[in-house]
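Q: Taken in sequence, the protein lines are chains A and B. Just so you know, the first sequence maps onto residues 5 to 485 in our numbering. Just so you know, the second sequence maps onto residues 4 to 477 in our numbering.
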Amino acid sequence: MTTVGKQERSVAINPTRACAPIGAMLATYGIHGALTINHGSQGCATYPRHQMTRHFREPVEIATTSLTEKTTVYGGRENLLEALKNIYERYHPTMITVCSTCLSETIGDDIPAIIDEFRTTYADAEDFPMLSVHTPSYVGTHITGFDNFLDELARAFPEKRRGSRVRQNNGKVNLIPGWVNPGDLRELKYILKEMAIESIILTDYADTLDGGYYDPKPHFPKGGTTMAQIRESGSSMATVALQKHIGGRAARTYETRYHVPAYVLPMPIGLANTDKFLETLSDVTGNPISEELEMERARLLDAFVDTHMFNSGLKVGIYGDPDLVEGLTRFVAEMGMEPKVAITATESEAWGKDMKALCDELGLNMNILTRSDLHEMHKLVKKYGIDLIIGHSKGKFIADAEKIPLIRVGFPIEDRFGYHRRSIVGYKGALYLLDEITNAVLSRRGSVVSNTVMDKSFEVAKTAILPAFSKNGHSIDVIQN
Amino acid sequence: MQFKCNETIPERQAHVAIKVGGQCARSDGSGCFIESNTATTPGDMTERGCTYAGCRGVVGGPVKDVIQMTHGPIGCAFFSWGYRPHLADDDFHMKYTFVSDMDESNVVFGGEKKLLDCIIEANNEFPDAKGVFVYNTCTTALIGDDGGEVAKLAQEAIGKPVIFFECEGFRGVSQSEGHHIGNETIFKELVGSADLVEDHPYTINIVGDYNIKHDEKTFEPLFEAMGCKIITRFTGNVSVDELKVMHKAKLNVVHCQRSATYIADMQQTKYGTPYVNVTLWGLKEMSDALRTVGSFFGLEAEAERVIETELAKIKPQIEAFKPRLQGKRVFVYQGGPRAWHWIELLRELGMEVVAAATTFGHQDDYEKILDRASDGTLMIDNPNAPEIIEILQTLKPDLFISGNKERYLSHKLGVPFVNGHTYDTGPYAGFSGMVNFARDIDKAINSTIWKLVRAQARPVPVSVSVSSTEEEDF
Numbered sequence: 005m006t007t008v009g010k011q012e013r014s015v016a017i018n019p020t021r022a023c024a025p026i027g028a029m030l031a032t033y034g035i036h037g038a039l040t041i042n043h044g045s046q047g048c049a050t051y052p053r054h055q056m057t058r059h060f061r062e063p064v065e066i067a068t069t070s071l072t073e074k075t076t077v078y079g080g081r082e083n084l085l086e087a088l089k090n091i092y093e094r095y096h097p098t099m100i101t102v103c104s105t106c107l108s109e110t111i112g113d114d115i116p117a118i119i120d121e122f123r124t125t126y127a128d129a130e131d132f133p134m135l136s137v138h139t140p141s142y143v144g145t146h147i148t149g150f151d152n153f154l155d156e157l158a159r160a161f162p163e164k165r166r167g168s169r170v171r172q173n174n175g176k177v178n179l180i181p182g183w184v185n186p187g188d189l190r191e192l193k194y195i196l197k198e199m200a201i202e203s204i205i206l207t208d209y210a211d212t213l214d215g216g217y218y219d220p221k222p223h224f225p226k227g228g229t230t231m232a233q234i235r236e237s238g239s240s241m242a243t244v245a246l247q248k249h250i251g252g253r254a255a256r257t258y259e260t261r262y263h264v265p266a267y268v269l270p271m272p273i274g275l276a277n278t279d280k281f282l283e284t285l286s287d288v289t290g291n292p293i294s295e296e297l298e299m300e301r302a303r304l305l306d307a308f309v310d311t312h313m314f315n316s317g318l319k320v321g322i323y324g325d326p327d328l329v330e331g332l333t334r335f336v337a338e339m340g341m342e343p344k345v346a347i348t349a350t351e352s353e354a355w356g357k358d359m360k361a362l363c364d365e366l367g368l369n370m371n372i373l374t375r376s377d378l379h380e381m382h383k384l385v386k387k388y389g390i391d392l393i394i395g396h397s398k399g400k401f402i403a404d405a406e407k408i409p410l411i412r413v414g415f416p417i418e419d420r421f422g423y424h425r426r427s428i429v430g431y432k433g434a435l436y437l438l439d440e441i442t443n444a445v446l447s448r449r450g451s452v453v454s455n456t457v458m459d460k461s462f463e464v465a466k467t468a469i470l471p472a473f474s475k476n477g478h479s480i481d482v483i484q485n
Numbered sequence: 004m005q006f007k008c009n010e011t012i013p014e015r016q017a018h019v020a021i022k023v024g025g026q027c028a029r030s031d032g033s034g035c036f037i038e039s040n041t042a043t044t045p046g047d048m049t050e051r052g053c054t055y056a057g058c059r060g061v062v063g064g065p066v067k068d069v070i071q072m073t074h075g076p077i078g079c080a081f082f083s084w085g086y087r088p089h090l091a092d093d094d095f096h097m098k099y100t101f102v103s104d105m106d107e108s109n110v111v112f113g114g115e116k117k118l119l120d121c122i123i124e125a126n127n128e129f130p131d132a133k134g135v136f137v138y139n140t141c142t143t144a145l146i147g148d149d150g151g152e153v154a155k156l157a158q159e160a161i162g163k164p165v166i167f168f169e170c171e172g173f174r175g176v177s178q179s180e181g182h183h184i185g186n187e188t189i190f191k192e193l194v195g196s197a198d199l200v201e202d203h204p205y206t207i208n209i210v211g212d213y214n215i216k217h218d219e220k221t222f223e224p225l226f227e228a229m230g231c232k233i234i235t236r237f238t239g240n241v242s243v244d245e246l247k248v249m250h251k252a253k254l255n256v257v258h259c260q261r262s263a264t265y266i267a268d269m270q271q272t273k274y275g276t277p278y279v280n281v282t283l284w285g286l287k288e289m290s291d292a293l294r295t296v297g298s299f300f301g302l303e304a305e306a307e308r309v310i311e312t313e314l315a316k317i318k319p320q321i322e323a324f325k326p327r328l329q330g331k332r333v334f335v336y337q338g339g340p341r342a343w344h345w346i347e348l349l350r351e352l353g354m355e356v357v358a359a360a361t362t363f364g365h366q367d368d369y370e371k372i373l374d375r376a377s378d379g380t381l382m383i384d385n386p387n388a389p390e391i392i393e394i395l396q397t398l399k400p401d402l403f404i405s406g407n408k409e410r411y412l413s414h415k416l417g418v419p420f421v422n423g424h425t426y427d428t429g430p431y432a433g434f435s436g437m438v439n440f441a442r443d444i445d446k447a448i449n450s451t452i453w454k455l456v457r458a459q460a461r462p463v464p465v466s467v468s469v470s471s472t473e474e475e476d477f
């Protein structure tokens, strides 16, 4: 029986979420030549910057308005005006995001009004694109900041089709991938190219946060969606959002404001979710799914078959962002494994319902928690004798303590190299994940001889080998402790 | 030095100076000493953090057996968790972070009750913890939560010290203010609250060392070999009980003279404990530190014996690196004192500091840089990203020593880099640590990849799909 609950403890211990500004900062990196000003204490810029640098291993630049005690009394208007001026004159960006913080929200600074004031007092800044995004840490999580950014962007920049052009479109698809890695963005662009679809990615930090070594070093990193593309995105034929909780809202904004139809899909991890994504693209554009993609799909099915003797029935714990966890849950079930525990930090009834429906559809028996943390995850890992966990680096302490593999996905991955370049979406992403999971399982087994495994000892066999199957085809709970 | 990037922010030139004829020549031509420890120019791309970071991250965070509780929203706790390797012989403080997780309704209705619940719950989850450190944030300060009062109630409820730090991020101009608050609070709330059972004639505290990558393992055995007994470390690898008896040491040995001189001063005033300022990096300065402590206790001969034995082991190893590093020019940018601590060490390796910068140094830090650096050295206070780029491009140092945030900028500009904050390998302190430091510097400067990459690098390919107006000049 699947249960969906909310963690009741007041104290958060080892949170699996950061706060909102980092989401807006990340999304801003996906626009070529754009910069973020964080309106708050210096730490609110420096901490996320440091976190992004540890994940992407790239220089990350975020400006701060450096609010201090004085500004908490008199307001941060002057600091923000000065910051806007300094960034505008010194960097010549293509666009500026101003994200708020607990501090600037609590003292009540009216950021949009201050931005307007900057425009009027500054001769050539009248049409300069600037975006105010609400990102106080006390509302939501890091995904809230990303989602808010996308919705503000959708409201502010796309140009409306007028007159006879209302029914015309530019033949392009707006793609909102959500919180993914540069590797995922490249995979998504590859899929679009395979299907001969022109797209506008909102937003595309594939190259800005996984850049190259150039001589001379460019002023702004190469890549990113251009402001011209974003202005044009109001004329696209459709918007496809790949995370319900990041970008789903913006997709609907495109629909209501610019008459661009919205398709909000599950994150394309694994077979069924990738099928849905490609079928949607095909339906929207009329373009066929390419032969290459069909072959990748067949290779994934082939790999499901070839690995099932290693993986079937192993119990999996998953933590992270809601759409990621939902996608991974379906995928490990497709692999014949048993997703047993799933937690997210986001407080979302909708996600709980989606997860419950997924479990009912697949006959899964899961323990699901919202607004939960990694300390709770650790307890559940012990309670159910979980065989492997999937999530970001912050869960490594659980893996170390329980001597089980951690399959690294999501953000942040700061204790390994190059994970930001990998992709977990599409059929190829699924194959990568399947290989990664299977090899982690094999490395925990004693030895691999003639494509079969031999366990180190009977001790290992007791926990790692599949217990008896229950009626629905999934293993019976062996609750330890 | 006139920075091109400062044409639109001329006030930054007050934070730039060159050592000329032994004097500080400020680049705005004012004749004053280099400006430091003042408010950051908004939007100048500063590298500075906040007061909370200085208190939670630097001073309080290393204490190994307390519940590290942030009173505020989630982000402050998430970002300050587990990224600084202030190690100990236990890892509870590295593995766990606790936060009262203020949400919108807590902000509206106040978070005092929630904080009390959180402390009690956390203590129930981890009953072996010896106390709770509670760090205040912008949010909870602004809404007026009385964290101090909650700490008192919580202390009664759980029967362990609950210490409240008023380190909200907006206080002060940098993380430096957080160090000060950390010192004052620990001194006021903990130091002197217990007594030491056994007495020893040569007791010392190591003050202002945070045991980055086990630095303390390099120099503590040397003090012990001289006959000293270490009572308390402030705060690397320290327990709450050790902080309580800190006042019992006969001498404070102060390493980080930016973040921890405060507590040595307070201890001197209240308990009459003298302190000595030392550098525990490099051959000469580590030797000087042992001699200084030796002469305080009348253990001069013992100090000399330790120095002689250790140098005999280490010197040949250091000498082996020298020909590979001779004449190399270095830009050192650290939080504070390391910018001057390492000038002599780098000279011992045959290298010369050509630019020195700090994120949150005060006037005394720049006086020490001025004292130690050679004529012509560039000093820059609180440098921002464009200034760092300009330094790397115009001075073309052979090595940049800084932190994670600057590493990849340095890499993109082809400048070899060593992480001085958290160390590439480490430890770097003491005599034996210097071998690690020298090896990492050698690896950075002399790696064969540089020859390949510099020879093979090409300009950014121009993308045909992007309109030329948008990518122009970038």
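Even glycine gets a Cβ: it sits at the ideal position worked out from N, Cα and C.
According to DSSP, is GLY78(B) helix, strand or coil?
A: Position 75 of the second sequence holds residue 78(B). Of the three classes helix, strand and coil, the one that applies to GLY78(B) here is helix, per DSSP.
Q: Here's a check: name, in chain order, each residue in its chain whose Cβ is nearer than 6 angstroms to the Cβ of VAL464(A), leaving out the five neighbours to either side.
A: As a working mapping, residue 464(A) is identified with position 460 in the first sequence. The predicted model places VAL464(A) with a pLDDT of 46, which falls under 50 and marks its position as unreliable; any figure quoted below should be read in that light. None.
Q: Starting from the Cα of MET271(A), find the closest Cα among THR7(A), ALA434(A), ARG94(A) and ALA67(A) and give me that residue.
A: As a working note, residue 271(A) is residue 267 in the first sequence. Closest option to MET271(A), Cα to Cα, is ALA434(A).
Q: Can you list the residues of chain A that ASN407(B) reaches, using a CB-CB cut of under 9 angstroms?
A: Mapped onto the second sequence, residue 407(B) falls at position 404. By Cβ distance, chain A contributes HIS54, THR57 and ARG58.
Q: Do PHE434(B) and ILE346(B) count as a contact pair if the criterion is CB distance below 8 angstroms?
A: Residue 346(B) sits at position 343 when you count from the first residue of the second sequence. Residue 434(B) sits at position 431 when you count from the first residue of the second sequence. No, these two residues do not count as a Cβ contact at 8 angstroms.
Q: Roughly how many whole angstroms lie between the Cα atoms of LYS10(A) and HIS96(B)?
A: Your numbering for residue 10(A) matches position 6 in the first sequence. Your numbering for residue 96(B) matches position 93 in the second sequence. Cα to Cα, LYS10(A) sits roughly 27 angstroms from HIS96(B).
Q: Beta-carbon within less than 7 angstroms of ALA403(A)'s beta-carbon, same chain only, minus the 5 sequence neighbours each way: which residues are those?
A: Within the first sequence, the letter at position 399 stands for residue 403(A). Here the set comprises ILE393, PRO409 and LEU410.
Q: Excluding the 5 residues flanking LYS197(A) on each side, which residues of the same chain have their C-beta closer than 8 angstroms to its C-beta?
A: Indexing the first sequence from 1 puts residue 197(A) at position 193. Around LYS197(A): no qualifying Cβ.
Q: Taking one C-beta from the region 26 to 35 of chain A and one from the region 134 to 147 of chain A each time, how about it: are there three or more such pairs within less than 8 angstroms?
A: Touching, per the Cβ criterion.
Q: For GLU152(B), decide whether its Cβ has a neighbour in chain A, counting only Cβ atoms nearer than 8 angstroms.
A: The residue labelled residue 152(B) in the question sits at position 149 within the second sequence. With 8 angstroms as the cut-off, GLU152(B) does not count as an interface residue toward chain A.
Q: Quick one: is CYS231(B) buried, meaning 16 or more other Cβ sit within 10 Å of its Cβ, or exposed?
A: The count along the second sequence starts at 1 and reaches residue 231(B) at position 228. Result: buried.
Q: Using beta-carbon positions only, say whether TYR209(A) and TYR95(A) come within less than 8 angstroms of one another.
A: On the first sequence, position 205 is the one that residue 209(A) refers to. On the first sequence, position 91 is the one that residue 95(A) refers to. Not in contact: TYR209(A) and TYR95(A) (Cβ atoms no closer than 8 angstroms).
Q: With a CB to CB cut of under 7 angstroms and the five nearest residues on each side skipped, what residues in its chain are close to PRO88(B)?
A: By one-based count along the second sequence, residue 88(B) stands at place 85. The residues are ILE215, LYS216 and THR425.
Q: When you compare only the Cα positions, how much space is there between LEU246(B) and THR235(B)?
A: Taking the second sequence and counting its residues from 1, the one referred to as residue 246(B) is at position 243. Taking the second sequence and counting its residues from 1, the one referred to as residue 235(B) is at position 232. Going from the Cα of LEU246(B) to the Cα of THR235(B) covers about 6 angstroms.
Q: Determine, for GLU473(B), whether the minimum Cβ-Cβ distance to residues of chain A falls below 8 angstroms.
A: Locating residue 473(B) in the second sequence gives position 470, where the first residue counts as 1. At GLU473(B), the pLDDT of 46 sits below 50, so the modelled position is not reliable and the matter cannot be decided from this model.
Q: Buried or exposed: which applies to PRO419(B), given that a residue is buried once 16 or more other Cβ atoms fall within 10 Å of its Cβ?
A: Mapped onto the second sequence, residue 419(B) falls at position 416. PRO419(B) comes out buried.
Q: Need the endpoints of the beta strand (DSSP E) that ALA359(B) sits in, please.
A: Within the second sequence, the letter at position 356 stands for residue 359(B). It spans 355 to 361 - the beta strand (DSSP E) in which ALA359(B) sits, taken as one unbroken run.
Q: Under 8 angstroms between the Cβ atoms of VAL457(A) and ASP391(A)?
A: Counting from 1 along the first sequence, the entry for residue 457(A) is found at position 453. Counting from 1 along the first sequence, the entry for residue 391(A) is found at position 387. Contact flag unset, no.
Q: Could you tell me if ALA87(A) is buried or exposed, where buried requires 16 or more neighbouring beta carbons within 10 angstroms of its beta carbon?
A: Taking the first sequence and counting its residues from 1, one reaches residue 87(A) at position 83. Result: buried.
Q: Assuming the contact rule is C-beta atoms closer than 8 angstroms, ILE91(A) and GLY46(B) should be a hit. Round their C-beta distance to whole Å, please.
A: Counting from one through the first sequence, the residue named residue 91(A) turns up at place 87. Counting from one through the second sequence, the residue named residue 46(B) turns up at place 43. About 5 angstroms separates the two Cβ atoms, so the contact holds.
Q: Could you check whether the Cβ of SER45(A) sits closer than 8 angstroms to any Cβ belonging to chain B?
A: Against the first sequence, residue 45(A) aligns to sequence position 41. Taking Cβ atoms only, chain B reaches closer than 8 angstroms to SER45(A), which makes this a yes.
Q: I'd like to know if LYS331(B) contacts chain A, where contact means its C-beta is closer than 8 angstroms to some C-beta of that chain.
A: Residue 331(B) sits at position 328 when you count from the first residue of the second sequence. Output row for LYS331(B): interface = no.
Q: Go through its chain and collect everything with a Cβ distance to ASP427(B)'s Cβ below 7 angstroms, but skip five positions before and after it.
A: On the second sequence, position 424 is the one that residue 427(B) refers to. Correct list, in chain order: VAL421 and ASP443.
Q: Since I believe ASP377(A) is in contact with ASN18(A) (beta carbons under 8 angstroms), could you give me their beta-carbon distance rounded to a whole number of angstroms?
A: If you number the first sequence from 1, residue 18(A) lands on position 14. If you number the first sequence from 1, residue 377(A) lands on position 373. That belief holds up - the Cβ atoms of ASN18(A) and ASP377(A) are roughly 6 angstroms apart, short of 8 angstroms.
Q: Using the C-alpha atoms, what's the distance from LEU305(A) back to ILE392(B)?
A: For the purposes of this step, residue 392(B) is identified with residue 389 of the second sequence, where counting begins at 1. For the purposes of this step, residue 305(A) is identified with residue 301 of the first sequence, where counting begins at 1. If I take the Cα positions, the gap works out to 50 angstroms.
Q: Alpha carbon to alpha carbon, how far is GLU380(A) from PHE462(A)? Give it in angstroms, no decimals.
A: To locate residue 462(A), count along the first sequence from 1; it is residue 458. To locate residue 380(A), count along the first sequence from 1; it is residue 376. With a pLDDT of only 43 at PHE462(A), under the threshold of 50, the placement of this residue in the model should not be trusted; the figure read from the coordinates follows. Roughly 30 angstroms between the two C-alpha positions.
Q: May I ask you to report which of helix, strand or coil DSSP gives GLN459(B)?
A: Indexing the second sequence from 1 puts residue 459(B) at position 456. In this structure, GLN459(B) counts as helix in the three-state DSSP scheme.
Q: Quick one: which unbroken alpha helix (DSSP H) runs of 4-plus residues sit fully inside the region 139 to 172 of chain A? Chain order, please.
A: Entirely contained in the region 139 to 172 of chain A, the alpha helix (DSSP H) runs reaching 4 residues are, in chain order, 146 to 160.
Q: Quick one: give me the first and last residue of the alpha helix (DSSP H) that VAL1(A) is part of.
A: A query on residue 1(A) cannot be resolved here, the shown segment of chain A reaching from 5 to 485 and no further.
Q: Determine the DSSP secondary structure at PRO343(A), reduced to helix, strand or coil.
A: Within the first sequence, the letter at position 339 stands for residue 343(A). Strand at PRO343(A).
Q: Going along chain A, which residues have a C-beta under 9 angstroms from GLY379(B)?
A: Residue mapping note: residue 379(B) aligns to position 376 of the second sequence, counting from 1. Chain A residues near GLY379(B): none, gap ~26 angstroms exceeds 9 angstroms.
Q: Taking 8 angstroms as the CB-CB cut-off, is ASP68(B) touching chain A?
A: Residue numbering aside, residue 68(B) sits at position 65 when the second sequence is read from its first letter. For ASP68(B), the answer is no, since every Cβ of chain A falls outside 8 angstroms of its Cβ.
Q: Let me check understanding here. Comparing Cα to Cα, which of ALA160(A), GLU109(A), THR110(A) and GLU93(A) lies closest to ALA127(A)?
A: The sequence position of residue 127(A) within the first sequence is 123, counting from 1. Comparing Cα-Cα distances from ALA127(A) to each of ALA160(A), GLU109(A), THR110(A) and GLU93(A), the minimum goes to GLU93(A).
Q: Taking any Cβ of chain A, which residues in the region 133 to 144 of chain B have a Cβ under 7 angstroms from it, in chain order?
A: Against chain A - using a Cβ distance shorter than 7 angstroms - the residues of the region 133 to 144 of chain B are CYS141 and THR142.
Q: Name the chain B residues that come within less than 8 angstroms of LEU88(A), Cβ to Cβ?
A: As a working note, residue 88(A) is residue 84 in the first sequence. Within chain B, the residues near LEU88(A) are GLY46.
Q: Does DSSP classify VAL137(A) as helix, strand or coil?
A: If you number the first sequence from 1, residue 137(A) lands on position 133. In this structure, VAL137(A) counts as strand in the three-state DSSP scheme.
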